[in-house]
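S.K.:
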Amino acid sequence: MEHEAMEFDVVIVGGGPAGLSAAIALKQHNAELSVCLLEKGAEIGAHLLSGALLDPVALKELLPESWQQAPLGVEVNDDQVHLLQSDSRALQLPNWAVPPRMHNEGSRIISLGNLCRWLGQQAEQLGVEIYPGFTASELIMEAGRVKGVITGDLGLDRAGNPKADHVPGMALLGRYTLFAEGARGHLGKQLIADFHLESAAQPQHYAIGFKELWQLPPGQGKPGRVLHGSGWPLSEGKEDKSQGGFYLYHLEQEQVAVGLIVDLNYRNPWLSPFDEFQRLKHHPLIAAALQGGERISYGARAIAKGGWHSLPRMHFPGGLLIGCDAGTLDFSRIKGIHTAMKSGMLAAKTVAMSLRGGDEGGRDLAEYGDALQQSWLAHELKTARNFGAALHRWGPWLGGAFNWLEQRLFPRTSPFTLLDKEPDYRQLRMASRCQPIDYPKPDGKLSFDKLSSVYLANTSHDEDQPCHLKLQDETIPVAVNLPTWAEPAQRYCPAGVFEILGSESQPRLQINAANCIHCKTCDIKDPSQNIVWTPPQGGSGPNYPNM
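Residue numbering for the sequence shown follows the working numbering, starting at 5 and increasing by one per position.
1. Return the chain-ordered list of same chain residues with a C-beta closer than 8 angstroms to the C-beta of S314, the five sequence neighbours on each side being excluded.
2. In the DSSP assignment, the alpha helix (DSSP H) including A375 goes from what residue to what residue?
3. What would DSSP say about E185, mapped onto helix, strand or coil?
4. So is S111 in contact with chain D if we call contact Cβ pairs under 8 angstroms?
5. Can you give the Cα-Cα distance for E133 and A29, rounded to whole angstroms?
6. What separation, rounded to the nearest whole angstrom, lies between the Cα atoms of H232 and L191?
7. Might you give, ordered along the chain, the residues of its own chain that have their beta carbon closer than 7 angstroms to the beta carbon of D453, omitting 5 neighbours on each side?
8. Would you kindly report the start and end of the unbroken beta strand (DSSP E) that includes M10?
9. Among the candidates Y496, D527, A461 and E79, whose CA atom is the shortest distance from the CA of L217?
10. Using the C-alpha atoms, what's the distance from L143 back to H86?
11. Rounded to whole angstroms, what is the Cα-Cα separation between A184 and P440?
12. Count the other C-beta atoms from every protein chain shown that fall within 10 angstroms of the C-beta of D91, then say buried if there are 16 or more, exposed otherwise.
13. Let's see if you can read the secondary structure: which residues bound the alpha helix (DSSP H) around H383?
14. Nearest to K31 by CA position, among L63, D334, A127 and W100, is which residue?
15. Starting from K454, follow the alpha helix (DSSP H) in both directions and report where the run begins and ends.
16. In or out: G412 buried (at least 16 other Cβ within 10 Å) or exposed?
17. Taking just the CA atoms, how far does F281 sit from S456?
18. Which first and last residues belong to the alpha helix (DSSP H) in which R305 is found?
19. Count the other CB atoms within 10 Å of the CB of G448; is the residue buried (16 or more) or exposed (fewer)?
20. On the DSSP bridge assignment, give the partners of R149 in chain order.
21. When you compare the segment 511 to 519 with the segment 463 to 483, are there three or more beta-carbon pairs, one atom per stretch, that lie closer than 8 angstroms?
22. Let's test the definition: count the other Cβ atoms within 10 Å of the Cβ of R162 and tell me whether it reaches 16, buried, or not, exposed.
23. Determine the closest residue to G159 out of Y548, S544 and P549, with distance taken between C-alpha atoms.
24. With DSSP collapsed to three states, give me the class of H232.
25. Go through its chain and collect everything with a Cβ distance to N269's Cβ below 7 angstroms, but skip five positions before and after it.
26. Give the DSSP-derived three-state secondary structure of L201 in the structure shown.
27. From the DSSP output, which residues share a beta bridge with T463?
28. Let me check one thing: in DSSP terms, what residues is D334 bridge-paired to?
29. Can you confirm whether the segment 48 to 67 touches the segment 355 to 366 when touching is taken to mean that 3 or more C-beta pairs between the two stretches lie within less than 8 angstroms?
30. Would DSSP call W274 helix, strand or coil?
31. By the DSSP assignment, the alpha helix (DSSP H) with R437 in it spans what residues?
32. Counting beta carbon pairs with one atom in the segment 222 to 239 and one in the segment 258 to 269, are three or more of them shorter than 8 angstroms?
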């Protein structure tokens, strides 16, 4: 099928911090460059979710004259780390016992969606063409190089046939294309496979991060207070090992953000990350902060947390991977906004310099790898390269002690290298070998069910459109996953998308695609690697107002 085409110097896929920073920096380097940015959400920020603590270092570099005009929330003024020892006990670590990189002095508690809406305005003022509500559904390849992307059709029915309001996709051609789709990007995943970009050291590792925004009673908020911690309700048992940590951030206007990050290398297929998060809020430390408040928003998102050892080669003929599409988050700091922004800025400088030199496009910009290696981004990720592997290998106590010692003794160049070579999806044990988990019924005050939570994500999909969750083999969920792992998609999905229905003798999988909040967990954790997440019709999905 022929597609109507538009040509640009640079096409950017994704309107998060990496993509927007790249767009702004491109125009700063050369105002004459034509730059197009695609965002699959209905608006910039609609699909963005993060805790979020911002280290403003990259923002200051990008917009040194105006960065303070950004919606920067409140500065951290009370920084605490707790170990939850049980469902009722907690131990606050003294400041000296917290690994140096986990300190948050100078950071700001923000809404990532609101920050990127502001960055989008700065980009448009510079002449960047931003197209929200359009997905990049396919790569355009020619002679082994990326030439651009094709946007998804609008107005297709469930069977993929055009409806009366059908609008065919367009071909957006770029001399270079930057991919900034976020963690486990659909096209980024394809590019890594097609161009063999994966890291030789270890695979990428992921977590699922939950967030709820609460409105507190007057006088209950503590603006600037930050709590992090680990331990309960996650387990260190041999057979059902699960790891992660919680956060609780006090924002402005009597609001608080609370969440749980669950590493997707957990072993027990009966574990439900969503229900672990709901349990967390009943711990006295968390409950005291939320008491009397009202939950006003909910969301979840996969986090690429493998760090330096998991970074793929980020350059290939005709384009670059940037931000969390490559996995630039610094998990030792639980921060990825500033690193994503820096990767976009480095990409912009590389592309602009190449095009200024008469480059017609399509080259493999290997110099981007050199620029990254020489930047503070590489130094930061290298310094923290063992953080995740230490926790996975030895748990929060011994792993935390190793990280504390390494960061204290070798703050710049550690002689140790720890690797984590097993992909997350291979970690699940057979359901028959693991203990089922009996989660308490939600009380409707602190804990809630999935469907009422999805409602607060403002998710919207046209029911009569092709299912964007593809099964490579439709028999696997019932024939393989159900008898082996009790079909864990029922539990790892935070939105109730996957259900096993029917009788015990004739079970069937039902996919409630309209519930999807685009977290990508199914694409990552499915033990058969049978589920492929693809972008639905443009504008579909969650609509986070200020997450």
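Yeah, the Cβ is synthetic: ideal placement off N, Cα and C, and Gly gets one too.
Everything numeric in this text was worked out from a predicted model, so none of it was measured.
M.R.: Looking at the coordinates:
1. S203, A205, Q206, P207, Q208, H209, A308 and G331
2. E371 to Q377
3. coil
4. Absent here is chain D; the protein component of the structure consists of one chain.
5. 14 angstroms
6. 33 angstroms
7. P446
8. A9 to V17
9. A461
10. 45 angstroms
11. 38 angstroms
12. exposed
13. W380 to T387
14. A127
15. K454 to L460
16. Sequence check: residue 412 is Arg here, not Gly. Exposed, because fewer than 16 other Cβ atoms sit within 10 Å of the Cβ of R412.
17. 15 angstroms
18. Here R305 belongs to no alpha helix (DSSP H); instead the beta strand (DSSP E) covers E298 to A308.
19. exposed
20. E146
21. yes
22. exposed
23. S544
24. strand
25. H209, H396, D428 and Q431
26. coil
27. Note: T463 sits in no beta bridge, so no partner.
28. K339
29. no
30. coil
31. Note, R437: premise wrong, no alpha helix (DSSP H); not H, not E.
32. yes
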